[in-house]
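Participant:
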Amino acid sequence: MKRLTLIPLLPLLAPLVPAQEQKAESPAPVQEQAASGTLDVGYRWVSDVGGNWSAYRSVVNLNDGFRVLGLDFQVRDSKKKLFDTLTLFANNWGDPYNVSRLEAERSGAYRLTFDYRNIAYYNFLPSFANPLLGQGNLISQRSFDMRRRLWNSELELRPGKRVIPYIGFSRDSGFGTGITPFVATANEYPVATDLDDQTNYYRGGVRLEFNRWHATLEQGGTTFKDDQRVFTNDRNLGNRGVPLLGQTLVLDRVNEAYGIRGRSVFSRGLLTAAPAKWVNLYGQFRFSQPRTDVRHSADAQGLFVLGATRFFNGQQILNSGGAKQPHTSGNFSVELRPHARVRVVESIMTDRLHNGSSLLLTEQFLFAAAPNETRTLFSADRLALNYNRQQADLFVDVTSRLTLRGGHRYEWGDSTFRPATLNPSGLPENGELKRNVGMFGFNYRATQRLSVNTDYEGASAGSTYFRTSLHNYHRFRARVRFQARTSLQVAANLHLLDNENPATGIEYDARNLAGTLSFQWNPANNKRVSLLGDYTYSSYRSDIMFLLPPFYTPAESRYRDNGHSITGLMEVNLPAAGAAVTPKISVGGSMFTSSGSRPTDYYQPFGRFLLPLHRNVACYAEWRWFGLSQAAYVFEGFRTHHTIVGLRLSL
1 MKRLTLIPLL
11 PLLAPLVPAQ
21 EQKAESPAPV
31 QEQAASGTLD
41 VGYRWVSDVG
51 GNWSAYRSVV
61 NLNDGFRVLG
71 LDFQVRDSKK
81 KLFDTLTLFA
91 NNWGDPYNVS
101 RLEAERSGAY
111 RLTFDYRNIA
121 YYNFLPSFAN
131 PLLGQGNLIS
141 QRSFDMRRRL
151 WNSELELRPG
161 KRVIPYIGFS
171 RDSGFGTGIT
181 PFVATANEYP
191 VATDLDDQTN
201 YYRGGVRLEF
211 NRWHATLEQG
221 GTTFKDDQRV
231 FTNDRNLGNR
241 GVPLLGQTLV
251 LDRVNEAYGI
261 RGRSVFSRGL
271 LTAAPAKWVN
281 LYGQFRFSQP
291 RTDVRHSADA
301 QGLFVLGATR
311 FFNGQQILNS
321 GGAKQPHTSG
331 NFSVELRPHA
341 RVRVVESIMT
351 DRLHNGSSLL
361 LTEQFLFAAA
371 PNETRTLFSA
381 DRLALNYNRQ
391 QADLFVDVTS
401 RLTLRGGHRY
411 EWGDSTFRPA
421 TLNPSGLPEN
431 GELKRNVGMF
441 GFNYRATQRL
451 SVNTDYEGAS
461 AGSTYFRTSL
471 HNYHRFRARV
481 RFQARTSLQV
491 AANLHLLDNE
501 NPATGIEYDA
511 RNLAGTLSFQ
521 WNPANNKRVS
531 LLGDYTYSSY
541 RSDIMFLLPP
551 FYTPAESRYR
561 DNGHSITGLM
571 EVNLPAAGAA
581 VTPKISVGGS
591 MFTSSGSRPT
601 DYYQPFGRFL
611 LPLHRNVACY
621 AEWRWFGLSQ
631 AAYVFEGFRT
641 HHTIVGLRLS
651 L
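Residue numbers (this note's numbering): 1 to 651.
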């Protein structure tokens with residue numbers, strides 16, 4: 001960004017100044033302008049969306065209208081009364097995903113930051129969570145149309161000093177509507193739902209900055225709420241397409257609501273120290289004890305089944321519960337440098353939580369031709385989970401260009417939890433984690449223009465918590481950077497993960513491969529033209545055994561995906577004298593195509609033109625095309641054109 005000063009005005013004022021006065025130089029230095037920045041505003045036109053409107057909103061979700069596409073503004077106060085600098089950044093206001101950031105600072109006095117994000121989340125893909133898709137029903141039974149707002153603020157006092165007090169506050173909230181199933185025995189009924197949740201995060205503490213050590217002491221707390229209401233007054237036959245024992249199950253009316261309230265207080269301490277030139281220490285400890293209370297009620301009418309043969313016409317549910325979860329975590333590491341070419345890093349961490357909960361449930365069943373029945377249930381659950389990790393790493397600079405690294409990581413843990421429904425013993429179940437991981441890698445700087453970096457992990461596990469956890473796996477990553485010329489840089493990345501759990505009944509086999517080749521070309525230091533592009537190939541396969549309801553027969557889940565993605569951009573700078581903004585033409589786009597379990601093609605080409613109208617004013621126009629098609633789900637395809645015309649104002 002070019003800043004305005006008095007210098008560009010001097011040639012214009014020269015003819016008005018006598019010759020003898022033109023030679024005299026002003027003793028006062030030229031001051032930098034107090035404010036600078038840019039503002040992008042525009043209007044977007046969206047053509048008629050061809051294809052599925054719900055799929056378009058779930059993927060793109062951009063509409064017509066006036067937009068503040070970008071704002072970057074900075075104010076400097078030379079007198080430094082309230083602040084030294086004040087910076088404001090905002091992006092995409094008016095669109096579903098917008099952000100803003102405010103920073104204010106006065107050297108040695110304070111630093112204030114404020115971040116805000118607003119997300120309009122819409123997910124209504126017809127093929128998602130839709131058991132009736134094969135019957136032509138295009139209504140997803142897990143749908144969301146909601147807003148998510150996140151903001152974070154922090155105030156530091158005396159930044160840059162040895163003792164820095166600070167306070168902070170964050171909030172994450174969401175609200176909106178959607179569709180969710182009301183679950184009953186032998187049937188599920190998709191109905192409307194209202195959603196409302198909020199989490200507040202309070203914190204305050206002090207940072208201590210000294211020459212050889214740094215410490216942070218923090219105290220904070222959280223509050224949480226989650227409210228959901230499920231309701232309908234329309235006759236709903238649910239997902240069951242056939243009668244049960246000659247009776248058609250139906251939901252006539254339901255009003256269900258639950259509310260969750262949570263709160264927690266936590267303490268955190270962090271310490272880093274360098275007691276000697278050859279040793280660094282790091283440690284962190286955190287303790288919290290969240291508490292959660294739950295209230296749930298439901299009132300449903302229709303025709304439902306109890307057990308296997310008894311039918312009833314109404315159900316009323318009232319339950320309440322609560323849980324406490326003391327949670328302790330900590331980690332400590334030490335870095336030793338016994339030799340100029342050798343570094344040793346040893347670290348250990350532990351994470352322990354114990355969740356105790358209770359539930360009181362009261363159900364009343366209303367029968368048309370029999371007395372009503374009331375059932376009361378009280379249960380108490382307990383989950384204990386302990387996780388530990390120890391890791392040792394060795395780094396050796398073999399030469400000035402080659403660094404080798406190797407290490408070993410051991411992870412272990414145990415858990416105790418209530419038995420599964422299908423467990424005939426009824427005794428608490430125990431989980432166990434034991435995993436050894438070997439690590440190796442090197443960093444080779446062949447020349448100033450070429451560098452190669454690789455990492456490898458190989459693991460063998462005796463036991464893991466979950467069926468799809470990393471068990472016996474191999475992970476490999478490689479990165480190559482090559483500066484072919486001053487104006488040309490080429491890079492390549494490769495990632496491979498191969499995971500296997502051979503246990504009987506699981507037989508899980510998953511493999512993920514991704515490779516990327518990219519380049520960036522800026523001849524003459526991007527004076528006239530620049531090119532960048534990348535290509536990525538990715539593949540994923542997964543095979544796992546599972547139990548298929550209702551008779552829990554063994555079945556195999558197979559998933560395959562092979563994808564290609566390409567992104568390219570060319571920018572051409574046009575000559576212009578005295579303009580704060582350079583005229584520019586940009587063309588490019590991206591595409592993705594895949595084959596396998598869910599073949600998908602997605603294209604998004606674009607073109608953009610920026611033209612200065614005045615020293616501080618430029619106009620621009622942009623065109624984009626969005627196109628999605630899926631061979632297996634043709635009804636979810638869409639296509640549309642977007643056009644934006646706007647102004648860029650510069651200070």
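Think of the CB as a built atom: it goes at the ideal place given N, C-alpha and C, for glycine as much as any other residue.
Model, not experiment: these values are computed from the prediction.
1. Buried or exposed for L385, please, with buried defined as at least 16 other CB atoms from any protein chain shown within 10 angstroms of its CB.
2. Among V294, A186 and S557, whose alpha-carbon lies nearest the alpha-carbon of F224?
3. Of all the options F210, G168, R352 and V254, which has the alpha carbon lying nearest to the alpha carbon of N200?
4. When you compare only the Cα positions, how much space is there between L39 and D145?
5. Measure the C-alpha to C-alpha separation of A34 and T87 and round it to an integer number of angstroms.
6. Looking at C-alpha atoms only, which residue of Y633, T403, R67 and W412 is the closest neighbour of Q390?
7. Taking C-alpha atoms, which residue in R615, G588 and Q630 lies nearest to P599?
8. Grouping DSSP H, G and I as helix and E and B as strand, with all else coil, what is V634?
9. So, F83 versus E105, is the Cβ gap smaller than 8 Å?
10. Along the alpha helix (DSSP H) that carries V59, what are the first and last residues, could you check?
11. Would you tell me roughly how many angstroms separate the C-alpha atoms of D561 and R352, rounded to the nearest one?
12. Output the distance between the C-alpha atoms of L6 and A478, rounded to the nearest integer angstrom.
13. Run the proximity test for R44: is its beta-carbon closer than 7 Å to any non-hydrogen atom belonging to the ligand SAH?
14. For L652 and T516, what's the separation of their Cα atoms in angstroms?
15. Does Q135 come out as helix, strand or coil in the three-state DSSP assignment?
16. Classify L125 as buried or exposed, calling it buried when 16 or more other Cβ atoms lie within 10 Å of its own Cβ.
17. Note down the Cα distance separating H296 from G533, rounded to an integer number of angstroms.
18. Report all residues from its chain with a CB closer than 6 Å to the CB of G627; omit the five preceding and five following residues, and keep chain order.
19. Classify Q247: buried if its beta carbon has 16 or more other beta carbons within 10 angstroms, exposed otherwise.
20. Grab me the residues of Q520's own chain with a C-beta within less than 6 Å of its C-beta, minus the 5 sequence neighbours each way, in chain order.
21. Which complete beta strand (DSSP E) runs does the segment 409-472 hold, if anything under 3 residues is left out?
22. What three-state label does DSSP hand A510 in the structure shown?
23. Please report the residue range of the beta strand (DSSP E) in which P612 lies.
24. Can you say whether Q135 is buried or exposed, counting buried as having 16 or more other CB atoms within 10 angstroms of its CB?
25. Could you tell me whether the segment 328-348 touches the segment 303-315, using the rule of 3 or more Cβ pairs below 8 Å?
26. Identify whether S650 lies in helix, strand or coil by the three-state DSSP scheme.
27. Would you check if the distance between the CB atom of T305 and the CB atom of N236 is smaller than 8 Å?
28. Taking P523 as the reference, which of R485, D543, F609 and R558 has the closest Cα?
29. DSSP three-state call for N211: helix, strand or coil?
30. Assuming F128 is part of the beta strand (DSSP E), what are its boundary residues?
31. Name the residue from S100, K81 and Y56 whose alpha carbon lies nearest to the alpha carbon of G70.
32. Suppose the cutoff is 8 Å on Cβ atoms and the five residues either side in sequence are ignored; what does the same chain contact list for S26 look like?
33. Going by DSSP in three states, N525 sits in which element: helix, strand or coil?
34. Smallest Cα separation from I119: which of S140, E103, A109 and P96?
35. When DSSP builds the beta bridges, which residues end up paired with P165?
36. Ignoring anything shorter than 4 residues or poking outside the segment 233-274, list the alpha helix (DSSP H) runs there in chain order.
Facilitator: Result, derived from the coordinates:
1. buried
2. V294
3. G168
4. 31 Å
5. 12 Å
6. W412
7. Q630
8. helix
9. yes
10. W53 to V59
11. 37 Å
12. With a pLDDT of only 31 at L6, under 50, the local geometry of the prediction cannot be trusted, and the value read off the model is given with reservation. In a straight line, the C-alpha of L6 is about 52 Å away from that of A478.
13. Ligands are entirely absent from the displayed structure, and the ligand SAH is therefore not among its contents.
14. Because the chain spans 1 through 651 in this model, residue 652 falls outside it and cannot be assessed.
15. helix
16. buried
17. 53 Å
18. Y603 and R639
19. exposed
20. Q489 and L532
21. 429-444 and 450-463
22. strand
23. T600 to H614
24. exposed
25. no
26. strand
27. Here residue 305 turns out to be Val, not Thr, going by the sequence shown. It is not a contact, given that the beta carbons lie outside the stated cut-off.
28. R485
29. coil
30. Careful: F128 lies outside any beta strand (DSSP E) and carries neither H nor E.
31. S100
32. Reliability fails at S26, whose pLDDT of 47 lies under 50, so the model's placement of it is uncertain and the value that follows must be treated cautiously. Once the five neighbours on either side are set aside, S26 has no close Cβ partner at all.
33. helix
34. P96
35. V206
36. none
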